[in-house]
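Numbering (this note's numbering), first residue to last: 1 to 582. Yeah, the Cβ is synthetic: ideal placement off N, Cα and C, and Gly gets one too. None of these values were measured; they are calculated from a predicted model.
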Amino acid sequence: MKRAILANASIRELKEKIQLTKERKDYFENYLKRLKDNYQQGKVSYNFYVETLNKHRDGKNIFEWINYYDHHLKNYYQELKRRENFSKRYIIPFLFSFLFISLLFVSYLYLEPTFTGFSIFSESKSSENFSDSFYPLADSFMSQGQPNTNYGNDVKIEIYPWSPSYSKRGIIQFNLSSIPKNATVTSATLHLHESSSLGFERQIGVHLIQQEPERNWTESGVTWNNFSTNGSWTSAGGDFNENATDIQTITWTGSLKWDSWDVTSDVQDFIVDPSINFGWLIKDQNEDNSQRYWYFHSKEASNSNLKPYLEVNYTLESEPPEPDNISPSYSNTSHNNTAINELTLFSIKWNDETSLHPNGQWIFSTNNSGTWENDSAVNFTETPEWANVTKTLTYSFNRTIGYRWYASDDAGNWNQTEIFTLTTTKPLSTFIIDGLEAKPIIAEVNQSHIKFYNEDYLNLTIRHIDFFVPKELQYHMSYLTPCNPSLMVCQDALAPDPIYGQWDLFHILNDWTNIEGDRFYIETDYIFNHEVDDPNGTIPEGFNWKRINQEIRINYTLENTGLNEFLESGIQVDENSSINIT
C-alpha cells in the first residue's frame, strides 16, 4: 500500500488533506445521526438499525471509519502546527531583513525537515486479499513420434525425454477472466499431480507459449506439428519462450505426489492483458534419450481431486465509499380504480443512483380505513423496482381517500411522496351480471283459470333474479298489473283510462331486505291472484269474455341505508306474461 510522508507535504497540501478528511469524517457522522434519528422515530426496524451499524464497507463499519478519519485528522493537525511554528520562527524574520542573504541561507540551512519516523498509510485506499483456484480451460501433450496425433482427451499429460525423435511435451491453459484487471497478484502456483514415472530425478520447466505472432492453440487441434486445425507451429513441438518461467527438480519420494511451479509474473501479465494468455508448455529441460518420463494427471482424470489446478492469490485496492447523500427517486405513481368495495392496485416505481438493495425499504400509507396507517416495511430486491399494494376501498362512495409512499436506500437516505388522493365512486352499474345490465326475469308463468258465474282467478308465479350489488344495500320488489274498467272491475282501482286501461294496481312482493355479501341470488315462488269480476254482476254460463292481455311489470329498488339513496331498475315488462282470458 502506498505511503504518504507528511514531512514532505507543504502547509497548503496539509490543509487540503485536513479539509478532505474532515468532509469524509462528517459524512459518516451525519450518516450515523440520520440512522439513529430514523430508528428513534420508528422509521426503521431494530434489526435494520443494528445490521446497518455493523455492516462493513471496504473492511470497516461506521464507527471504525469515523475513528479512522479522526486518527488521521489528529496527525495532520499535529504536523501542521509543527510546520507553522517552524516557519514563524525561522523563515519570516529573514525575509523581512536581509532578503537576498536570507534566501540563500534558508535554501542552504533551513530546508524543510523530513520526519522519517512519522508516516501514515494513505487514507484514500484500502486493500483486500483474495484467493482463487482454477481448473484448466484446456490441456494436452504433443508426441514427436506421432506428430499429427491429437491427445486432447487423454487422461495424462506426458513429459517424455527421448531424443532425437520420440520426446513428448505437455501444454496447459487457464481462463483467468474472473480476476479484475486492477488486481495485484501476490502469488500464482501451477499444481500437477504425478500419474506415473520411472522414478528418476528430472528437471521439468514451464515455458510461456509464444504470444507474437499469436499461438492460440486448441485442445482438440494441438499436435507436435500444429497448434490448431488451422495453424502450424513455426518450430515443430511448439513455439515457446526458451527461458523457462520456473524449473522444478522432480524426485521420487516413494509415492506419487503433487508438484508445483511458480508462475506469478506470467499470471500478472495475463490479467492485465488477457489477449496474451496462451498458457504454458511443459517440458524436460534436458531432452536426452534416457526415456526417464514423468506423467501427470490431466483435467480428464477420473478422480477430480487429482486434476491440475492454478492457485492465485491477489489483492484489490478499493476507494473508501463515496458519500451518498441522494435520496431514492420515484415515478409512475398510479391507482387503477375508484369504485367502492372493489380491489384497487396502487403502484410506484422507485430508483436510486447507487442501490436500494439489500437494505433499502419502502412503506405504503393510506387513510382508507378512516385514519392514516402505515403498512409493514418491505425490502427492495433490485434497482429500479416497482412497488405494488392492493387494497379494497371503503364502502362509502363520494369520499376522498389519501395515500403516500416512503422509501429508504442503503445509505439511510429517506424520501416520501406527496399525498395523492382519489374520490370513491359507485360501481359503473349497480345491476351487473357478467357485464350486462340485469332485468327482472319472470322465469315461469303458471296460469290457472277457474271460472265461476261471477268471477275468475288468474294465478301467476313470478321468479326473482340473480344480480350483483355493493354491500350495505337493501332490495325491494313490487309489480303493477293493468285494469280496464270497460271490460271488468279491478280491485282498489284508481281512476282508469276507459279506453286503454291503466297500470294502477301496486303490489309489494317483499319488505326491505338486507343484502349480505357481494352477490345474492333469490329464487322465490310468489303466487298472486288477479281477480276479475263481471261488470254487470251476472255471467251467463258459456259466455265468452272479450280477449284481453295481462302484462306483469316488475320494479325492484336498491337502497343504501347509510345515504338514503335509491337506485331503481325501472319498470321492466315481460311480454311473455300475456294471458288470454276468455
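(message) If the criterion is Cβ atoms closer than 8 Å, does the pair valine 185 and valine 50 meet it?
(response) Result no, Cβ atoms of valine 185 and valine 50 do not sit closer than 8 Å.
(message) Buried or exposed for glutamine 40, going by 16 or more other Cβ atoms inside 10 Å?
(response) So glutamine 40 ends up on the exposed side.
(message) So for tyrosine 27, helix, strand or coil by DSSP?
(response) Taken through DSSP and simplified to helix, strand or coil, tyrosine 27 comes out as helix.
(request) Consult DSSP for glutamine 40 and reduce its assignment to one of helix, strand or coil. (result) DSSP places glutamine 40 in the helix class (H, G or I) of the three-state scheme.
(message) In this structure, how does DSSP classify leucine 310 when only helix, strand and coil are distinguished?
(response) When DSSP states are grouped into helix, strand and coil, leucine 310 belongs to the strand group.
(request) State the DSSP-derived secondary structure class of tyrosine 293, mapped to helix, strand or coil. (result) In the three-state DSSP reduction, tyrosine 293 falls in the coil class, being neither helix nor strand.
(message) I need the DSSP call for leucine 20, collapsed to helix, strand or coil.
(response) In the three-state DSSP reduction, leucine 20 falls in the helix class (H, G or I).
(message) Looking only at its chain, what residues have a beta carbon closer than 8 Å to the beta carbon of threonine 425, apart from the 5 residues adjacent to it on each side?
(response) Within the same chain, and ignoring the five residues on either side of threonine 425 in sequence, the residues whose Cβ sits closer than 8 Å to its Cβ are Thr338, Ala339, Ile340, Phe397 and Asn398.
(message) Please return the same chain residues whose Cβ sits closer than 8 Å to the Cβ of glutamate 418, not counting the five positions on each side in sequence.
(response) Sequence-distant partners of glutamate 418 (beyond 5 residues in either direction) whose C-beta falls short of 8 Å from its own C-beta, in its chain, are Arg404.
(request) Assign threonine 366 to one of three DSSP states: helix, strand, or coil. (result) Strand at threonine 366.
(message) In this structure, how does DSSP classify leucine 73 when only helix, strand and coil are distinguished?
(response) Helix.
(message) Whole angstroms are fine: how far does the CA of leucine 137 sit from the CA of tryptophan 252?
(response) If you take the alpha carbons of tryptophan 252 and leucine 137, they lie about 29 Å apart.
(message) My output table needs one value for glutamate 158: the three-state DSSP class, helix, strand or coil.
(response) For glutamate 158, the secondary structure class from DSSP, reduced to helix, strand or coil, is strand.
(message) Is it buried or exposed, threonine 381, if we count other Cβ atoms within 10 angstroms and call 16 or more buried?
(response) By the neighbour-count rule (16 or more Cβ atoms within 10 Å), threonine 381 is not buried but exposed.
(message) Give me, in chain order, the residues of the same chain whose beta-carbon lies closer than 6 Å to that of threonine 390; leave out the 5 immediate sequence neighbours on both sides.
(response) Excluding positions up to five away in sequence, the list reads Leu343 and Leu345.
(message) Rounded to the nearest angstrom, what separates threonine 223 and asparagine 153 at their Cα positions?
(response) Between threonine 223 and asparagine 153, the C-alpha separation is close to 12 Å.
(request) Determine the burial state of arginine 169: buried for a count of at least 16 other Cβ atoms within 10 Å of its Cβ, exposed for fewer. (result) The residue in question, arginine 169, is buried, as its Cβ has 16 or more Cβ neighbours within 10 Å.
(message) Checking the sheet assignment: what are the DSSP bridge partners for phenylalanine 346?
(response) Beta-bridge pairing links phenylalanine 346 to His335 and Val389.
(message) Relative to the C-alpha of serine 187, which candidate in Lys33, Ser133, Pro161 and Ile204 has its C-alpha closest?
(response) Distances from the alpha-carbon of serine 187 to those of Lys33, Ser133, Pro161 and Ile204 put Ser133 closest.
(message) Can you give me the C-alpha to C-alpha distance between proline 180 and asparagine 30, rounded to a whole angstrom?
(response) Answer to the nearest angstrom: the Cα atoms are 33 Å apart.
(request) For my contact list, glycine 412 and arginine 34 are in at a C-beta cut-off of 8 Å; report their separation, rounded to the angstrom. (result) The distance from the Cβ of glycine 412 to that of arginine 34 is about 5 Å, consistent with a contact at the 8 Å cut-off.
(request) Determine the direct distance from the alpha carbon of serine 220 to that of isoleucine 62, and round the result to whole angstroms. (result) Roughly 54 Å separates the two Cα atoms.
(message) Going by DSSP in three states, aspartate 139 sits in which element: helix, strand or coil?
(response) Assignment of aspartate 139 by DSSP, reduced to helix, strand and coil, places it in the strand class.
(request) Return the bridge partner residues of glutamine 173 from the DSSP annotation. (result) Ala138.
(message) If contacts are defined as beta-carbon pairs under 8 Å, then leucine 73 and leucine 14 qualify, I think. What distance do you get, rounded to the angstrom?
(response) At roughly 11 Å, the Cβ-Cβ gap does not stay under 8 Å, so leucine 73 and leucine 14 are not in contact.
(request) Kindly list the residues whose CB is nearer than 6 Å to the CB of asparagine 351, restricted to its own chain and excluding five residues on each side of it in sequence; keep chain order. (result) Correct list, in chain order: Ser329 and Pro384.
(request) Tell me, to the nearest whole angstrom, how far the beta carbon of histidine 191 is from that of alanine 244; I am working on the premise that it is less than 8 Å. (result) Rounded, the Cβ-Cβ distance is 17 Å, inconsistent with contact.
(request) Determine the DSSP secondary structure at asparagine 61, reduced to helix, strand or coil. (result) Secondary structure at asparagine 61: coil, using DSSP grouped into helix, strand and coil.
(message) For tyrosine 77, tell me which candidate among Glu16, Lys156 and Gln146 has the shortest Cα-Cα distance.
(response) Measuring C-alpha to C-alpha distances from tyrosine 77 to each of Glu16, Lys156 and Gln146 identifies Glu16 as the nearest.
(request) Give me whichever residues DSSP pairs with arginine 215 in a beta bridge. (result) BP columns for arginine 215 are empty, so no partner.
(message) With a threshold of 7 Å on Cβ separation, who are the neighbours of asparagine 289 within its own chain once the five nearest residues in sequence on each side are excluded?
(response) Once the five neighbours on either side are set aside, the close Cβ partners of asparagine 289 are Trp162 and Ser163.
(message) Judging by CA-CA distance, which residue of Asn175, Tyr151, Phe141 and Phe174 is the nearest neighbour of isoleucine 159?
(response) Of Asn175, Tyr151, Phe141 and Phe174, the residue nearest in Cα terms is Phe141.
(request) Give me whichever residues DSSP pairs with tryptophan 261 in a beta bridge. (result) Per DSSP, Leu190.
(message) Taking the alpha carbon of tryptophan 294 as the reference point, which residue from Glu212, Gly205 and His335 has its own alpha carbon closest?
(response) Looking at the Cα atoms, Gly205 is the closest of the given residues.
(message) I'd like to check one pair, glutamine 285 with isoleucine 250: are the Cβ atoms closer than 8 Å?
(response) Going by C-beta atoms, isoleucine 250 is not nearer than 8 Å to glutamine 285.
(request) Per DSSP, which residues does glutamate 373 bridge with? Please list them. (result) Beta-bridge pairing links glutamate 373 to Thr366.
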